[in-house]
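K.L.:
Once you've had a glance at the structure underneath, I'll fire off some questions.
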Amino acid sequence: MAGKKLSIIVFSGTVDKLMPVGILASGAAASGYEVNLFFTFWGLNAISKRGMQAQPQVDKNYEQMGSMMMKRMMEMKFPMWTQLVSEAKEVGEVKVYACSTTMEFFGLKKEDLAEFVDDVVGVATFLDRAEGGTTLFI
Amino acid sequence: MAGKKLSIIVFSGTVDKLMPVGILASGAAASGYEVNLFFTFWGLNAISKRGMQAQPQVDKNYEQMGSMMMKRMMEMKFPMWTQLVSEAKEVGEVKVYACSTTMEFFGLKKEDLAEFVDDVVGVATFLDRAEGGTTLFI
Amino acid sequence: MAGKKLSIIVFSGTVDKLMPVGILASGAAASGYEVNLFFTFWGLNAISKRGMQAQPQVDKNYEQMGSMMMKRMMEMKFPMWTQLVSEAKEVGEVKVYACSTTMEFFGLKKEDLAEFVDDVVGVATFLDRAEGGTTLFI
Numbered sequence: 001m002a003g004k005k006l007s008i009i010v011f012s013g014t015v016d017k018l019m020p021v022g023i024l025a026s027g028a029a030a031s032g033y034e035v036n037l038f039f040t041f042w043g044l045n046a047i048s049k050r051g052m053q054a055q056p057q058v059d060k061n062y063e064q065m066g067s068m069m070m071k072r073m074m075e076m077k078f079p080m081w082t083q084l085v086s087e088a089k090e091v092g093e094v095k096v097y098a099c100s101t102t103m104e105f106f107g108l109k110k111e112d113l114a115e116f117v118d119d120v121v122g123v124a125t126f127l128d129r130a131e132g133g134t135t136l137f138i
Numbered sequence: 001m002a003g004k005k006l007s008i009i010v011f012s013g014t015v016d017k018l019m020p021v022g023i024l025a026s027g028a029a030a031s032g033y034e035v036n037l038f039f040t041f042w043g044l045n046a047i048s049k050r051g052m053q054a055q056p057q058v059d060k061n062y063e064q065m066g067s068m069m070m071k072r073m074m075e076m077k078f079p080m081w082t083q084l085v086s087e088a089k090e091v092g093e094v095k096v097y098a099c100s101t102t103m104e105f106f107g108l109k110k111e112d113l114a115e116f117v118d119d120v121v122g123v124a125t126f127l128d129r130a131e132g133g134t135t136l137f138i
Numbered sequence: 001m002a003g004k005k006l007s008i009i010v011f012s013g014t015v016d017k018l019m020p021v022g023i024l025a026s027g028a029a030a031s032g033y034e035v036n037l038f039f040t041f042w043g044l045n046a047i048s049k050r051g052m053q054a055q056p057q058v059d060k061n062y063e064q065m066g067s068m069m070m071k072r073m074m075e076m077k078f079p080m081w082t083q084l085v086s087e088a089k090e091v092g093e094v095k096v097y098a099c100s101t102t103m104e105f106f107g108l109k110k111e112d113l114a115e116f117v118d119d120v121v122g123v124a125t126f127l128d129r130a131e132g133g134t135t136l137f138i
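Protein chains in written order, with full-length UniProt numbering: chain W, 1 to 138; chain R, 1 to 138; chain Z, 1 to 138.
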């Protein structure tokens with residue numbers, strides 16, 4: 001029998017939407033899920049070395065609540081979402097993919113991306129890896 | 001044979017994205033689906049008693065169309081999304097969960113939430129309940 | 001054995017989120033997936049004849065990067081997302097549905113929509129078509 005699998009198309013680049021990516025990846029990996037993350041568009045920009053140096057942004061719809069939530073997370077010493085992804089990779093079977101089409105749009109090379117990226121693939125390859133499991137678009 | 005199942009991670013807090021949560025939950029429950037809703041981040045804030053008293057907000061990207069759509073919904077006497085969730089719970093097997101991590105971020109207790117919340121659970125428990133069905137991130 | 005199936009609830013109306021709809025539909029159709037697109041809310045507005053004449057908008061959260069990305073896509077002569085959907089329909093088994101409830105909210109008729117729309121259906125019918133495959137909410 002095939003094991004449990006969670007795949008996420010990480011499209012968004014605001015920190016409020018990247019937090020659940022880290023939390024879901026880490027929770028699923030700890031529960032024995034195979035996890036596949038496919039970073040594309042603004043999500044891919046967020047894991048470029050340049051994007052990772054930028055000030056994290058909260059979705060404009062939730063700006064007022066956002067600063068309060070970020071403050072609370074720091075008080076609670078809650079880990080950054082990138083740290084959650086890195087830790088998930090140590091705990092379980094977690095693969096991180098970068099979208100080849102977006103790399104071309106942004107003119108990025110693999111060495112411009114976070115070190116936790118395993119591979120640069122196209123959408124058909126990602127769909128193949130995700131097949132038969134739960135897939136989310138975030 | 002296992003029955004049909006629809007699970008939704010309710011992340012967003014704008015009324016335009018909460019409407020489809022109500023519509024999907026109610027349509028799926030009426031069609032005999034087991035439905036699981038997991039409210040987190042801005043979605044959880046939207047079902048806190050304080051959030052429910054606030055003026056509903058439409059996503060800033062669609063502000064102009066938003067007021068027109070809200071007006072049409074009132075003219076049509078379309079039910080509020082929270083009412084759709086409550087009605088879905090009467091019609092079918094619908095469970096509403098609140099995300100424990102977000103409760104901690106916001107300093108919320110179960111009694112601060114809408115009455116249709118069944119339980120406060122972590123992400124691993126939710127993934128377990130959702131396993132084998134269709135899962136959406138809204 | 002049932003074949004592979006990808007279904008997308010197309011809720012969003014900004015061009016950055018509609019691009020992946022086109023890319024996913026086209027990649028999946030070329031890989032032999034059955035594809036179902038269900039346009040609702042701002043996504044449905046985007047495929048109304050009036051919406052298709054409007055200037056494409058990028059999500060306000062990514063405005064600065066957006067203009068750069070749109071420029072790159074034009075330089076690369078990347079096809080418009082609507083063209084990707086139309087081409088996907090020629091290549092594979094791709095069905096495009098419009099949400100009946102949203103049609104009513106917006107006061108739209110089938111002849112007001114893009115020509116690639118196959119049918120106007122409700123949420124229960126869509127869930128039925130999507131059953132047993134991968135379903136995304138974009």
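Think of the CB as a built atom: it goes at the ideal place given N, C-alpha and C, for glycine as much as any other residue.
No experiment lies behind these values; they were computed from the predicted model shown.
Go to alanine 98 of chain R, then tell me how far its beta strand (DSSP E) extends in each direction, as first and last residue.
P.N.:
Taken as a continuous stretch (DSSP letters only), the beta strand (DSSP E) holding alanine 98 of chain R covers 93-99.
K.L.:
Does DSSP classify methionine 1 of chain W as helix, strand or coil?
P.N.:
Low local confidence applies: a pLDDT of 44 at methionine 1 of chain W is under 50, so the model's placement there is unreliable, and no value is given.
K.L.:
If the cut is a Cβ gap below 9 Å, which residues of chain Z does leucine 127 of chain W touch?
P.N.:
Correct list: Lys4, Leu6, Leu24, Gly27, Ala28, Ser31, Tyr33 and Thr134.
K.L.:
Verify whether the separation of the beta carbon atoms of valine 123 of chain R and lysine 110 of chain R is less than 9 Å.
P.N.:
Against a cut-off of 9 Å, the Cβ pair of lysine 110 of chain R and valine 123 of chain R comes out as no contact.
K.L.:
For a test of the three-state rule: what should DSSP assign to methionine 68 of chain W, helix, strand or coil?
P.N.:
Looking at methionine 68 of chain W - three-state DSSP - the assignment turns out to be helix.
K.L.:
Tell me whether leucine 18 of chain R sits in a helix, a strand or coil according to DSSP, three-state version.
P.N.:
Helix, per DSSP.
K.L.:
Does the separation of the CB atoms of valine 117 of chain W and alanine 29 of chain W fall below 9 Å?
P.N.:
Not in contact: valine 117 of chain W and alanine 29 of chain W (Cβ atoms no closer than 9 Å).
K.L.:
Cβ of tyrosine 33 of chain W within 9 Å of Cβ of tryptophan 42 of chain R?
P.N.:
Their beta carbons are not under 9 Å apart, which means tyrosine 33 of chain W does not touch tryptophan 42 of chain R by this criterion.
K.L.:
Rank Z/Glu104, Z/Leu18, Z/Arg50 and Z/Gly22 by C-alpha distance to the C-alpha of valine 94 of chain Z and give the top, closest one.
P.N.:
Considering only alpha carbons, the answer is Z/Gly22.
K.L.:
So threonine 102 of chain W packs on threonine 40 of chain W, CB below 8 Å; how close in whole Å?
P.N.:
Contact holds; Cβ gap of about 5 Å.
K.L.:
Quick one: which unbroken alpha helix (DSSP H) runs of 4-plus residues sit fully inside the stretch 33-85 of chain W? Chain order, please.
P.N.:
Fully enclosed alpha helix (DSSP H) runs of 4 or longer: 41-46, 49-53 and 63-75.
K.L.:
When the cut-off is 9 Å and only beta carbons count, does glutamine 57 of chain R lie next to chain Z?
P.N.:
False, the Cβ-Cβ gap to chain Z never drops below 9 Å.
K.L.:
Could you work out which residue in R/Gly107, R/Gly27 and R/Lys71 is closest to arginine 72 of chain W when comparing CA atoms only?
P.N.:
Nearest of R/Gly107, R/Gly27 and R/Lys71 to arginine 72 of chain W, Cα basis: R/Gly107.
K.L.:
Determine the chain B residues that contact tyrosine 62 of chain Z at a beta-carbon separation under 7 Å, and present them in chain order.
P.N.:
The structure shown contains no chain B; its protein chains are W, R and Z.
K.L.:
Cβ atoms of threonine 134 of chain W and lysine 17 of chain W: under 9 Å apart, would you say?
P.N.:
Cβ atoms of lysine 17 of chain W and threonine 134 of chain W: not closer than 9 Å.
K.L.:
Assuming contact is defined by CB atoms lying nearer than 9 Å, are phenylalanine 137 of chain Z and phenylalanine 137 of chain R in contact in what I supplied?
P.N.:
Cβ distance < 9 Å, so phenylalanine 137 of chain Z and phenylalanine 137 of chain R count as in contact.
K.L.:
Sorted by chain position, which residues of the same chain lie with C-beta nearer than 6 Å to arginine 50 of chain Z's C-beta, five sequence neighbours on each side aside?
P.N.:
Result list for arginine 50 of chain Z: empty, nothing under 6 Å.
K.L.:
Can you tell me whether leucine 108 of chain Z is helix, strand or coil according to DSSP?
P.N.:
Correct three-state label for leucine 108 of chain Z: coil.
K.L.:
Along the chain, where does the beta strand (DSSP E) that runs through leucine 136 of chain R open and close?
P.N.:
134-137 is the span of the beta strand (DSSP E), which, as asked, contains leucine 136 of chain R.
K.L.:
Does glycine 17 of chain R come within less than 9 Å of chain Z when only Cβ atoms are used?
P.N.:
Correcting the residue identity first, residue 17 of chain R is lysine in this sequence and not glycine. Answer yes: the Cβ-Cβ gap between lysine 17 of chain R and chain Z drops below 9 Å somewhere.
K.L.:
Please determine, among R/Val85, R/Val35 and R/Ser86, the residue with the shortest C-alpha to C-alpha distance to glycine 132 of chain R.
P.N.:
Closest by alpha carbon: R/Val35.
K.L.:
Name, please, each residue of chain R whose Cβ falls closer than 8 Å to the Cβ of glutamate 131 of chain Z.
P.N.:
Correct list: Lys4 and Thr134.
K.L.:
Let me know if alanine 54 of chain W comes out buried or exposed under the rule of 16 or more other beta-carbons within 10 Å of its beta-carbon.
P.N.:
Flag for alanine 54 of chain W reads exposed.
K.L.:
Hey, would you say isoleucine 47 of chain W sits closer than 9 Å to alanine 114 of chain W, going by beta carbons?
P.N.:
Closer than 9 Å, so yes.
K.L.:
Using 9 Å as the limit for Cβ to Cβ distance, is glutamate 104 of chain W near chain Z?
P.N.:
Yes, glutamate 104 of chain W lies at the interface with chain Z (some Cβ there is under 9 Å from its Cβ).
K.L.:
Use the C-beta contact count for serine 7 of chain W: other C-beta atoms within 10 angstroms, 16 or more gives buried, fewer gives exposed.
P.N.:
Result: buried.
K.L.:
Could you tell me the distance, in whole angstroms, from the CA atom of valine 85 of chain R to the CA atom of glutamate 75 of chain Z?
P.N.:
Each residue's Cα considered, the two are about 47 Å apart.
K.L.:
Report the three-state DSSP secondary structure of valine 10 of chain W (helix, strand or coil).
P.N.:
Three-state DSSP puts valine 10 of chain W in a strand.
K.L.:
With respect to the beta strand (DSSP E) encompassing valine 120 of chain W, which residues constitute its N-terminal and C-terminal limits?
P.N.:
Run containing valine 120 of chain W: 119-121, per the beta strand (DSSP E) assignment.
K.L.:
Taking Cβ-Cβ distances shorter than 7 Å, what residues in chain Z pair up with isoleucine 138 of chain R?
P.N.:
Here the neighbours are Phe137.
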